[in-house]
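Participant: Protein chains in written order, with my numbering: chain A, 22 to 102; chain B, 10 to 157. Heads up, the beta-carbon is just placed ideally off N, CA and C, and yes, glycines get one too. Please find one structure pasted underneath; my questions will follow.
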């Protein structure tokens with residue numbers, strides 16, 4: 022699965038995207054797996070209320086299932102306009 | 010309907026003129042333009058705008074389609090830039106065309122409210138003191154409530 026990071030999440034983790042082998046059933050499960058990897062992931066995912074997530078380029082909640090998902094992106098609340 | 014996510018500057022006058030041209034059925038054209046604002050006390054060097062290629066275009070298209078349906082628009086234009094922008098540069102514009110002004114104004118506001126917190130852009134302000142990601146404002150999120 023392709024995992025993408027934007028803005029300060031990208032800076033904290035240190036890469037804009039990576040291929041992740043995972044059996045995670047939901048976004049929350051994926052977050053638990055990522056947090057356990059290294060300190061920089063734990064730091065980035067410390068407060069989920071400060072994060073938003075998109076699955077296959079659609080904004081979703083963290084309890085969303087990942088069945089068949091190809092791309093998951095994590096980022097802070099958006100500041101467009 | 011036209012959606013453009015671009016690094017290059019745009020010509021507001023030309024875009025507005027092109028959008029408004031030949032619309033005998035539309036009595037109202039509204040345009041809104043967002044400009045990079047300098048910071049009082051800590052002059053802004055650049056505003057860096059990051060986005061999520063692919064999702065950005067999809068999200069803007071979805072918002073524009075919703076605006077067309079909801080406000081009976083004849084047409085809509087959204088241009089949003091990314092990259093490094095200087096104070097005074099135009100970041101984005103929306104234009105709406107409707108038979109009457111009330112719908113054209115409301116649609117422009119609807120689009121701006123959604124763009125602020127639902128389009129995947131992130132702003133970073135760079136000054137002599139360093140760079141800071143712009144935090145989303147609670148009031149921007151709350152602004153969406155009036156449309157639900």
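Could you tell me the boundaries of the beta strand (DSSP E) in which residue 26 of chain A lies?
Facilitator: 23-26
Participant: Distance cutoff 7 Å, beta carbons only. Does residue 44 of chain A sit that close to anything in chain B?
Facilitator: No, residue 44 of chain A lies away from the interface with chain B (no Cβ there is under 7 Å from its Cβ).
Participant: Could you name the residues of the same chain whose beta carbon sits closer than 7 Å to that of residue 12 of chain B, not counting the 5 residues immediately before and after it, in chain order?
Facilitator: 66, 69, 70, 73, 87, listed in sequence order.
Participant: Should residue 121 of chain B be flagged as near chain A, meaning a C-beta pair shorter than 7 Å?
Facilitator: yes
Participant: With C-beta atoms as the reference, is residue 106 of chain B less than 7 Å away from residue 32 of chain B?
Facilitator: yes
Participant: Measure how close the beta-carbons of residue 96 of chain A and residue 27 of chain A come, nearest whole angstrom, since I'm counting them as under 8 Å.
Facilitator: Right, the Cβ-Cβ distance comes to about 4 Å (below 8 Å), so this counts as a contact.
Participant: Once DSSP output is grouped into helix, strand and coil, what is the label at residue 46 of chain A?
Facilitator: coil
Participant: Let me know the secondary structure DSSP gives residue 99 of chain A once reduced to three states.
Facilitator: In this structure, residue 99 of chain A counts as coil in the three-state DSSP scheme.
Participant: Within 7 Å of any Cβ in chain B, is that where the Cβ of residue 86 of chain A sits?
Facilitator: It does not: the Cβ of residue 86 of chain A has no partner Cβ on chain B nearer than 7 Å.
Participant: Could you check whether residue 76 of chain A and residue 85 of chain A sit closer than 7 Å to each other, using their CB atoms as the reference points?
Facilitator: Against a cut-off of 7 Å, the Cβ pair of residue 76 of chain A and residue 85 of chain A comes out as a contact.
Participant: Which residues of chain A have a Cβ atom closer than 8 Å to the Cβ of residue 124 of chain B, listed in chain order?
Facilitator: 101, 102
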